[in-house]
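**Student:** One structure, pasted below without further comment.
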Amino acid sequence: MIRFLQTTSVFAMLLMATASFAQPGNDLCMDAIDINSLFSTEVGVQLEDGPFSNEGATGEAELAADLTDIWFDIASGETAPTIDQSVWFSFTGNGETYQLMTFKGLGSAMYANDTQMALYSGTCDDLTFLQGGEDLMPFWSSAYGWWYSTVSFTAEAGVNYWVMVDGFNHFEGDDYQGISEGSFSLRAMNVEPMIERGVCENARAIDAVFEDGVVGPFDDSESVTGLGVNYDADMLGAECWNDNLDDGSVWFSFIGDGNSYYLSMNQCSSNGATFVYYFAWDGQMAVYRGDCNELVPVACAEDLDEDNTQYWPVVGIDTEEGVEYFVRFDGYHWDNNLYDWSAEGSFCFTAEQSNNPINVDELVQAEFDVFPNPTEGGLTITWTDAATHADVTAFDVTGKAVGFYPNVQRGQQHDLGLPVGMYTLQIATENTSGVVRVQVQK
Numbered sequence: 026m027i028r029f030l031q032t033t034s035v036f037a038m039l040l041m042a043t044a045s046f047a048q049p050g051n052d053l054c055m056d057a058i059d060i061n062s063l064f065s066t067e068v069g070v071q072l073e074d075g076p077f078s079n080e081g082a083t084g085e086a087e088l089a090a091d092l093t094d095i096w097f098d099i100a101s102g103e104t105a106p107t108i109d110q111s112v113w114f115s116f117t118g119n120g121e122t123y124q125l126m127t128f129k130g131l132g133s134a135m136y137a138n139d140t141q142m143a144l145y146s147g148t149c150d151d152l153t154f155l156q157g158g159e160d161l162m163p164f165w166s167s168a169y170g171w172w173y174s175t176v177s178f179t180a181e182a183g184v185n186y187w188v189m190v191d192g193f194n195h196f197e198g199d200d201y202q203g204i205s206e207g208s209f210s211l212r213a214m215n216v217e218p219m220i221e222r223g224v225c226e227n228a229r230a231i232d233a234v235f236e237d238g239v240v241g242p243f244d245d246s247e248s249v250t251g252l253g254v255n256y257d258a259d260m261l262g263a264e265c266w267n268d269n270l271d272d273g274s275v276w277f278s279f280i281g282d283g284n285s286y287y288l289s290m291n292q293c294s295s296n297g298a299t300f301v302y303y304f305a306w307d308g309q310m311a312v313y314r315g316d317c318n319e320l321v322p323v324a325c326a327e328d329l330d331e332d333n334t335q336y337w338p339v340v341g342i343d344t345e346e347g348v349e350y351f352v353r354f355d356g357y358h359w360d361n362n363l364y365d366w367s368a369e370g371s372f373c374f375t376a377e378q379s380n381n382p383i384n385v386d387e388l389v390q391a392e393f394d395v396f397p398n399p400t401e402g403g404l405t406i407t408w409t410d411a412a413t414h415a416d417v418t419a420f421d422v423t424g425k426a427v428g429f430y431p432n433v434q435r436g437q438q439h440d441l442g443l444p445v446g447m448y449t450l451q452i453a454t455e456n457t458s459g460v461v462r463v464q465v466q467k
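The opening position of the sequence shown corresponds to residue 26 in the numbering used here, with each subsequent residue numbered one higher.
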């Protein structure tokens, strides 16, 4: 009996070891997991699934050449990246446009939170490479999920697509070593493609943003629109853009109602339920009036707070009733002296009505301050401008407007009602505006 138990125990251990090192069921393209259920046919709906695992998976080295300069886990002395532990997914196109993303979903746990993605069409025996995705933002911390990956695409109706997700190989890195493996989830957002919106004459009307507070999501990725860098573009009205370059601008329009507004981009969710991504949240905007043949610049916006990497634009506009306005939206051109690329992706617009005119004289300078900072919620805002009241908008670290406080009195304590975190306050008086950073703690 003892020998039987010992034999059984050894056999069980062997089974457990075999299971722990078993390849995932979707290790090969031919065994791809069907993810058609992820792709809603309604714009603005995001669906998710997972977790999925790449533990014990193998790689397809023969596909690496197409991913050169797209994936960046390159072994010493090599030029192409490595495909180490990849798993496969499949779906059939329905004519809609999507942003597909890996992320840390419920039950997911992946070493270094670091994936890579590639999209193909065709068959497993004859794959056609379409595009690849690396880090959402390689210069930000992986601990917060910035090394997951995304692709934007229009899924042609009836076409079979294949998605390969791989773990990044850190080799002997400073912070991580070896291959990222574990589990991850997938989510897909149905987005409105800006493919026809590259000229003023085809501007997309966004009047609804001034009633609903948010409009979108839109996607301006070159893989969706076909719009890339235009070195010959007219930059009239975009003089505040730090790159002084058109990176595939897309156009929007609205009719003024006589009120003043702050127009901003964000990730489309007011409650954290959904999340779309635009590279580094680094957009630029210019606003015009008139007609497309003779545009008159009205306002220009770049980074909200460049020093604190809050790169999203917020533009203030005093509208005139019945006047048509045009908004030119563009992604910043990044350059790290080795590669250059355009910020692009999916985004929404949000609008906050201001109780004060926004036609600010740039010569009017004021200093803004808040105390106590850090705060447990209540704080006092002061400024050196003569105005006694200001409109205050709070943005979180992702660029989402999370609070709007009209007619805040200078020197009076105000409760922001915000959860713990870091925030940027945009403060606008009738004469000037500025931003300050504040930390909320409990």
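Idealized CB from N, CA, C, for every residue including glycine.
Owing to the predicted nature of the structure, the values given are computational and were not obtained by experimental measurement.
So does the segment 338 to 354 actually touch the segment 129 to 146, counting three or more Cβ pairs closer than 8 Å?
**Tutor:** No: fewer than three Cβ pairs fall under 8 Å.
**Student:** From the DSSP secondary-structure annotation, give me the bridge partner or partners of P322.
**Tutor:** Y313, per the DSSP bridge assignment.
**Student:** Following the continuous alpha helix (DSSP H) through D421, name the residue where it begins and the one where it ends.
**Tutor:** That residue, D421, is in no alpha helix (DSSP H); it is neither H nor E in DSSP.
**Student:** Please return the same chain residues whose Cβ sits closer than 8 Å to the Cβ of G170, not counting the five positions on each side in sequence.
**Tutor:** If we look at G170 and ignore the five residues flanking it on each side, its Cβ neighbours are F128, K129, N138, L161.
**Student:** Do you know offhand how far S508's Cα is from G192's?
**Tutor:** Outside the shown range of the chain, which is 26 to 467, sits residue 508, and nothing can be said about it.
**Student:** Excluding the 5 residues preceding and the 5 following C265 in the sequence, name in chain order all residues of the same chain whose CB lies nearer than 6 Å to its CB.
**Tutor:** Closer than 6 Å at Cβ, skipping near neighbours: C325, E327.
**Student:** Relative to the alpha-carbon of L88, which residue among A180, T122, V188, M135 has its alpha-carbon at the smallest distance?
**Tutor:** Out of A180, T122, V188, M135, V188 has the C-alpha closest to the C-alpha of L88.
**Student:** May I have the straight-line CA-CA distance separating W366 from H358, to the nearest angstrom?
**Tutor:** Cα-Cα distance, rounded: 6 Å.
**Student:** At which residues does the beta strand (DSSP E) containing S248 begin and terminate?
**Tutor:** Premise fails: S248 lies in the alpha helix (DSSP H), 247 to 250, not in any beta strand (DSSP E).
**Student:** Measuring only from the beta carbon, is L261 closer than 7 Å to any heavy atom that is part of the ligand COA?
**Tutor:** For the ligand COA, the structure offers nothing, since it holds no ligand at all.
**Student:** Given that a residue counts as buried once 16 or more other Cβ atoms are within 10 Å of its Cβ, and exposed if not, what is L63?
**Tutor:** Flag for L63 reads buried.
**Student:** Just checking my contact of M290 with C373 at CB under 8 Å: how many whole Å lie between their CB atoms?
**Tutor:** Indeed, because the Cβ distance is near 7 Å, the residues count as touching under 8 Å.
**Student:** At the level of alpha carbons, what is the spacing between N7 and N185?
**Tutor:** There is simply no residue 7 to check, as the chain begins at 26 and stops at 467 in what is shown.
**Student:** Taking L441 as the reference, give the member of D271, S274, S208, Q464 with the closest Cα.
**Tutor:** The residue with the shortest Cα to Cα distance from L441 is Q464.
**Student:** Can you give the Cα-Cα distance for S177 and N432, rounded to whole angstroms?
**Tutor:** One C-alpha to the other measures close to 41 Å.
**Student:** My output table needs one value for M55: the three-state DSSP class, helix, strand or coil.
**Tutor:** In the structure shown, M55 sits in a helix (DSSP, three-state: H, G or I).
**Student:** How big is the Cα-Cα spacing for F492 and W113?
**Tutor:** One cannot answer for residue 492 here, as it falls past the ends of the chain, which runs 26 to 467.
**Student:** Between Y448, V275, F420, N267, which has its C-alpha nearest E221's C-alpha?
**Tutor:** That would be V275, whose Cα lies nearest to the Cα of E221.
**Student:** List the endpoints of the continuous alpha helix (DSSP H) containing F235.
**Tutor:** 234 to 237 is the span of the alpha helix (DSSP H), which, as asked, contains F235.
**Student:** How big is the Cα-Cα spacing for L150 and G157?
**Tutor:** In the sequence as displayed, the identity of residue 150 is Asp instead of Leu. Using only the alpha carbons, I get a separation of about 19 Å.
**Student:** Terminal residues of the continuous beta strand (DSSP E) containing C373?
**Tutor:** Unbroken beta strand (DSSP E) run through C373: 371 to 379.
**Student:** Which same chain residues end up closer than 8 Å to Q48 when comparing Cβ atoms and leaving out the 5 residues on each side of it in sequence?
**Tutor:** Here the set comprises G81, A82, T83.
**Student:** Could you check which residue in N269, F429, E247 has the C-alpha nearest to that of D21?
**Tutor:** The question about residue 21 has no answer here: the residues shown for the chain are numbered 26 through 467.
**Student:** My assumption, with CB atoms under 8 Å, is that W317 sits in contact with E226. Please give the rounded CB distance.
**Tutor:** For the sequence presented, residue 317 should be read as Cys rather than Trp. That pair is a contact at about 5 Å.
**Student:** Run the CB neighbour count on P242, radius 10 Å, all protein chains shown included, and call it buried at 16 or more, exposed below.
**Tutor:** Label assigned to P242: buried.
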